[in-house]
Amino acid sequence: MTTALLRYQAALLVRSQRWLPPLILYVAALGIGVQGGQPVLDSLGWTAAALLPVTAWLVRVCATNEPAAARGCAGAAAGPGRAHLASLLVALGAAVLLGAAAVGVVLAVSEPAGTDRRTPVPVGPASGAGLSAVLACALVGAAVGALTTWPVLRSRGRAVPALLLGALLALVTTGSPARAAVDALVRGSQEGTVPAPLLPLAPAALFMAAATALSCALTTRRSS
Amino acid sequence: MGSGVRSGTRIRLDGVGRRYGLRGRWVLRGVDLDVAPGALVRVEGANGTGKSTLLRLLAGLDAPTEGRIVGRPRTAYVPERFPAALPFTASGYLTHLGAVHGLTRAAAARAADEWLERLGAAGHARTPLSELSKGGSQKVAVAQALLAAPELLVLDEAWTGLDAASREELERAVAERTADGAAAVFVDHDPRRLAGMTDATYTVADGALTRRTAAEPAWPDGPRVAVEARGPAGARPPAEAVRLSVSVAERADGAFRLDVTGPRSDAVLRALLGARPPWHVVSVRPREEGRR
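The listed protein sequences derive, respectively, from chains R and W.
For the first sequence, counting from 1, position 129 maps to 129 in the UniProt record's numbering; every step adds exactly one.
For the second sequence, counting from 1, position 226 maps to 226 in the UniProt record's numbering; every step adds exactly one.
1. Within 7 Å of any Cβ in chain B, is that where the Cβ of residue 216 of chain R sits?
2. Any Cβ of chain R within less than 7 Å of the Cβ of residue 195 of chain W?
3. Among the residues of its own chain, which have a CB less than 7 Å from the CB of residue 53 of chain R, if the five just before and after it don't count?
4. Start and end of the beta strand (DSSP E) containing residue 124 of chain W?
5. For residue 36 of chain R, name the three-state secondary structure that DSSP assigns.
6. Please determine whether the Cβ atom of residue 9 of chain W lies at a distance below 6 Å from any heavy atom of the ligand ADP.
7. Quick check on the DSSP output: the alpha helix (DSSP H) that includes residue 77 of chain W runs from which residue to which?
8. Between residue 23 of chain W and the rest of its own chain, which residues show a CB-CB distance below 6 Å, the 5 nearest in sequence each way excluded?
9. Would residue 189 of chain R and residue 110 of chain R be called neighbours here (beta carbons separated by less than 7 Å)?
10. Based on the DSSP output, what are the partners of residue 28 of chain W in its beta bridges?
11. Taking residue 65 of chain R as the reference, give the member of R/50, R/37, R/150 and R/126 with the closest Cα.
12. Just to confirm the assignment, what range does the alpha helix (DSSP H) spanning residue 175 of chain W have?
13. Does DSSP classify residue 18 of chain R as helix, strand or coil?
14. In angstroms with no decimal places, state the Cα-to-Cα distance between residue 83 of chain R and residue 177 of chain R.
15. Please name the residue or residues paired with residue 89 of chain W in a DSSP beta bridge.
16. Look at residue 27 of chain W and residue 50 of chain W and say whether their C-beta atoms are less than 7 Å apart.
17. Short of 7 Å in beta carbon distance, which residues of its chain neighbour residue 232 of chain W, apart from the five on each side in sequence? Order them along the chain.
18. Run through chain W and tell me which residues come within less than 8 Å of residue 74 of chain R, C-beta to C-beta.
19. Tell me the residue span of the beta strand (DSSP E) that contains residue 286 of chain W.
20. Can you list the residues of chain R that residue 75 of chain W reaches, using a CB-CB cut of under 8 Å?
21. Give, in chain order, every residue of the region 76 to 103 of chain R whose Cβ lies closer than 7 Å to some Cβ of chain W.
22. If residue 94 of chain R sits next to residue 201 of chain R, beta carbons under 8 Å apart, how far is it from one beta carbon to the other, in whole angstroms?
23. Among R/122, R/92 and R/79, which has the Cα closest to the Cα of residue 101 of chain W?
24. 7 Å is my cut-off, CB to CB: does residue 67 of chain R come that close to chain W?
25. Helix or strand or just coil, what does DSSP make of residue 255 of chain W?
26. Using alpha carbons as the reference points, say which of W/119, W/52, W/34 and W/152 lies closest to residue 161 of chain W.
27. With a CB to CB cut of under 6 Å and the five nearest residues on each side skipped, what residues in its chain are close to residue 74 of chain R?
28. Taking 7 Å as the limit between beta carbons, can you name the residues of its chain near residue 197 of chain W, skipping five residues before and five after?
29. Give, in chain order, every residue of the region 83 to 95 of chain W whose Cβ lies closer than 9 Å to some Cβ of chain R.
30. Which residue wins for smallest C-alpha separation from residue 206 of chain R, given the options R/161, R/144, R/152 and R/187?
31. When the Cα of residue 123 of chain R is compared with those of R/41, R/55 and R/133, which residue comes out closest?
32. Kindly list, in the order they appear in chain R, the residues whose Cβ is closer than 7 Å to that of residue 20 of chain W.
33. What is the rounded straight-line gap between the Cα of residue 291 of chain W and the Cα of residue 272 of chain W?
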């Protein structure tokens, strides 16, 4: 039944075409921040950071894709919490795929060297570092998205500014796992070493899990 | 997943109250309601009294603010209006929902076509939901609820927007589900809706639920059907058919005559023909309407 829910939510996302604006935002952000021949770790840091608001937006798209009546039909069949969980997971999955593709592009076009352009940076470990930073940012972005959309925030007028502010804070606040992951890449580029930013993944996953639990629990407690 | 749900889970509301927001007014309070498998329950009340909230609680879409809900049958819900702003065709959406209800994709696709056909919307199977009329969308909402033979059917003005033929078909489908052991709870503005079949009628007023006690004929006016059937020598009609009938009389020649309300006639015939050994149906005739 969970597979069916994931398929349903994924089909909703793909067919709705509401994925297009966040995708364009991401491509534009990469176009600005990533240029061919630049140090690879710097570009990967930018790739991961830009994914955070994009993920939050994708979560908003998925969580609000169904009109309330359709949400009721699927919710009665599978449980409203599970139906909502499926929409969050589909958004996160889409964001991770997007981020992984971006990491591939960045690896292909960037200079495998540190900021000083002399210290070589091996591509294999760099791709691992990039993917784990992308994952950390996607998890934090999904948590921000879940906390700033239905059912936590229902009015659009409050939800959208909250999403933007939340994404910004998640990127700049000291102690945020997303910032830690991005910082590790930038520092690695300056020092000419490839970091293994696996450490931020645990708090990022924890944050996402807590935000998801709260959001799913609220599905039956708020009016639609 | 078969359609047999005779041992279906029951659902019980124990002192359930619901309000929105921490300081909101109580929409419902102190609601006790026990819906047994096979029960057909009607809920009445003026607009804005909390009927829809009660149905959302039964469907599991709302959690009680106080009190508790015990039991969770496999549930399907038909909302009052189904705005079909979804990027699917009718059969595409129904196949997804059938799978969410627990069917395999192949079975879901088959059931989707079957139910669209029954509701007279087979021609719209490949139509995008966004191009369907209001009635067409409502048929899709009804079909998604019926296609996996749920144990609890929650209908919030499900008949609104349907044409006459599909209104009747939905009544028949509800009769079939309840004859099959599933429970159904419905709200409808038409007092004749499923008249003669409802096991209980409740009224929501001032946030409270009361069972209507006004003397109500158990089998009020409505189209009736007389079924004559003959079984093995000396046998009584199958218990299922007797339960669904208004009256059962043995005739001098050993055949039985069962008086049945219109919506239940198909279910009674199924019970007779599906019995082991099967009964022979001698005749099925509409009876003129009238009081007993």
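In this text, a Cβ means the ideal position worked out from N, Cα and C, and glycines have one as well.
If we stick to the structure as given:
1. Among the protein chains of the structure shown, namely R and W, there is no chain B.
2. Residue 195 of chain W sits at position 195 when you count from the first residue of the second sequence. With 7 Å as the cut-off, residue 195 of chain W does not count as an interface residue toward chain R.
3. Working through the first sequence from its first residue, we reach residue 53 of chain R at position 53. So the list reads 141 and 167, once near-sequence residues are dropped.
4. Your numbering for residue 124 of chain W matches position 124 in the second sequence. Segment: none, residue 124 of chain W is in no beta strand (DSSP E) and carries neither H nor E.
5. Indexing the first sequence from 1 puts residue 36 of chain R at position 36. Three-state DSSP puts residue 36 of chain R in coil, outside helix and strand.
6. Here there are no bound small molecules, and the ligand ADP is not part of this structure.
7. Taking the second sequence and counting its residues from 1, one reaches residue 77 of chain W at position 77. Here residue 77 of chain W belongs to no alpha helix (DSSP H); instead the beta strand (DSSP E) covers 75 to 78.
8. Counting from one through the second sequence, the residue named residue 23 of chain W turns up at place 23. Taken in chain order, the list of residues that qualify is empty.
9. Here residue 189 of chain R refers to the residue found at position 189 when the first sequence is read from its first residue. Here residue 110 of chain R refers to the residue found at position 110 when the first sequence is read from its first residue. Contact: no.
10. Indexing the second sequence from 1 puts residue 28 of chain W at position 28. W/18, per the DSSP bridge assignment.
11. In the first sequence, counting from the first residue as 1, residue 65 of chain R sits at position 65. When only C-alpha atoms are compared, the closest one is R/150.
12. Within the second sequence, residue 175 of chain W is the residue found at index 175, counting from 1. Unbroken alpha helix (DSSP H) run through residue 175 of chain W: 164 to 179.
13. For the purposes of this step, residue 18 of chain R is taken as residue 18 along the first sequence, with counting starting at 1. If DSSP states are grouped into helix, strand and coil, residue 18 of chain R belongs with coil.
14. The residue given as residue 83 of chain R occupies position 83 in the first sequence. The residue given as residue 177 of chain R occupies position 177 in the first sequence. Rounded to the nearest angstrom, the two C-alpha atoms are 28 Å apart.
15. Numbered from its first residue, the second sequence carries residue 89 of chain W at position 89. Looking at the DSSP assignment, residue 89 of chain W forms a beta bridge with W/128.
16. Taking the first residue of the second sequence as position 1, residue 27 of chain W is located at position 27. Taking the first residue of the second sequence as position 1, residue 50 of chain W is located at position 50. Yes, these two residues count as a Cβ contact at 7 Å.
17. Position 232 of the second sequence, counting from 1, holds the residue named residue 232 of chain W. For residue 232 of chain W, where only same-chain residues beyond five positions count, the Cβ hits under 7 Å are 277.
18. As a position in the first sequence, residue 74 of chain R is number 74, starting the count at 1. The answer, in chain order, is 97 and 100.
19. Sequence index remark: in the second sequence, residue 286 of chain W carries index 286 (1-based). That run of the beta strand (DSSP E) goes 280 to 287.
20. As a working note, residue 75 of chain W is residue 75 in the second sequence. By Cβ distance, chain R contributes 76 and 77.
21. Within the region 76 to 103 of chain R, contact with chain W at the beta-carbon level (separation under 7 Å) is assigned to 76, 77, 78, 79 and 80.
22. Locating residue 94 of chain R in the first sequence gives position 94, counting from the first residue. Locating residue 201 of chain R in the first sequence gives position 201, counting from the first residue. No, residue 94 of chain R and residue 201 of chain R are not in contact; Cβ-Cβ is about 19 Å, not under 8 Å.
23. Locating residue 101 of chain W in the second sequence gives position 101, where the first residue counts as 1. Checking every option, the nearest Cα to that of residue 101 of chain W belongs to R/79.
24. By 1-based counting over the first sequence, the position of residue 67 of chain R is 67. For residue 67 of chain R, the answer is yes, since a Cβ of chain W falls inside 7 Å of its Cβ.
25. For the purposes of this step, residue 255 of chain W is taken as the residue at position 255 of the second sequence. Of the three classes helix, strand and coil, the one that applies to residue 255 of chain W here is coil, per DSSP.
26. Here residue 161 of chain W is taken as the residue at index 161 of the second sequence, counted from 1. Ranking the options by Cα distance to residue 161 of chain W, first place goes to W/119.
27. Translated into the one-based positions of the first sequence, residue 74 of chain R becomes position 74. For residue 74 of chain R, where only same-chain residues beyond five positions count, the Cβ hits under 6 Å are 83.
28. As a first step, residue 197 of chain W is located in the second sequence; it is residue number 197 there, counting from the start. Excluding sequence neighbours, residue 197 of chain W sits near 40, 175, 261, 263 and 264.
29. From the region 83 to 95 of chain W, only 83, 84, 85, 86, 87, 88, 92 and 93 have a Cβ closer than 9 Å to chain R.
30. Locating residue 206 of chain R in the first sequence gives position 206, counting from the first residue. Checked all of R/161, R/144, R/152 and R/187; the closest Cα to residue 206 of chain R is R/144.
31. Taking the first sequence and counting its residues from 1, one reaches residue 123 of chain R at position 123. When each option's Cα is compared against that of residue 123 of chain R, the closest is R/41.
32. Here residue 20 of chain W corresponds to residue number 20 of the second sequence, with the count starting at 1. Within 7 Å Cβ-Cβ: 223.
33. Counting from 1 along the second sequence, the entry for residue 291 of chain W is found at position 291. Counting from 1 along the second sequence, the entry for residue 272 of chain W is found at position 272. Note that residue 291 of chain W has pLDDT 42, beneath the 50 cutoff, so the model's placement of it is unreliable and no number is given.
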